[in-house]
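Colleague: Heads up, the sequence shown is in this note's numbering, so the first residue is 604 and it goes up one at a time.
All residues carry an ideal CB built from backbone N, CA and C; glycine is no exception.
Model, not experiment: these values are computed from the prediction.
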Amino acid sequence: ASGLVARAGFIEGTVMAFLGLDWRFKAPVHIGDTITIRARVTRTRPMPSAGGGIVVMDVAVVNQHGATVQQGEWSLMMRGRPEPEA
604 ASGLVARAGF
614 IEGTVMAFLG
624 LDWRFKAPVH
634 IGDTITIRAR
644 VTRTRPMPSA
654 GGGIVVMDVA
664 VVNQHGATVQ
674 QGEWSLMMRG
684 RPEPEA
């Protein structure tokens, strides 16, 4: 799952640390399956002194039949956006 998210590019250069995960394998992934990732931010906690904040996401791996085959929660420390210049 993390490889698919990395290939999507939205965490490249923004993740400072992978803080933890809670993960469940709900069904097998078979050779030839097509899988996709669905991720949704559920919580954020700004940490300006660290240059970013904590982001918690619900992540699901879904096969070509729409069945969720893996599911869990990721906690990440991510860089914040730079402050706009005045």
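What span of residues does the beta strand (DSSP E) with residue 678 cover, start to end?
Modeller: Taking the first residue of the sequence shown as 1, we reach residue 678 at position 75. First-last of the beta strand (DSSP E) with residue 678: 671–682.
Colleague: Report the option in 660, 667 and 671 whose CA atom is closest to the CA atom of residue 679.
Modeller: Along the sequence shown, one-based indexing puts residue 679 at 76. With distances taken between Cα atoms, residue 679 lies closest to 660.
Colleague: Measure the beta-carbon distance from residue 667 to residue 627 and round it to whole angstroms, keeping in mind my assumption that it falls under 8 Å.
Modeller: Translated into the one-based positions of the sequence shown, residue 667 becomes position 64. Translated into the one-based positions of the sequence shown, residue 627 becomes position 24. Not a contact, Cβ separation roughly 20 Å.
Colleague: Since I believe residue 647 is in contact with residue 655 (beta carbons under 8 Å), could you give me their beta-carbon distance rounded to a whole number of angstroms?
Modeller: The residue given as residue 655 occupies position 52 in the sequence shown. The residue given as residue 647 occupies position 44 in the sequence shown. Between residue 647 and residue 655 the Cβ distance is about 10 Å, and since that is not below 8 Å, they are no contact.
Colleague: Kindly give me the distance between the Cβ atoms of residue 664 and residue 672, rounded to whole angstroms, as I take these residues to be in contact under 8 Å.
Modeller: Within the sequence shown, the letter at position 61 stands for residue 664. Within the sequence shown, the letter at position 69 stands for residue 672. Correct: roughly 5 Å between the Cβ atoms.
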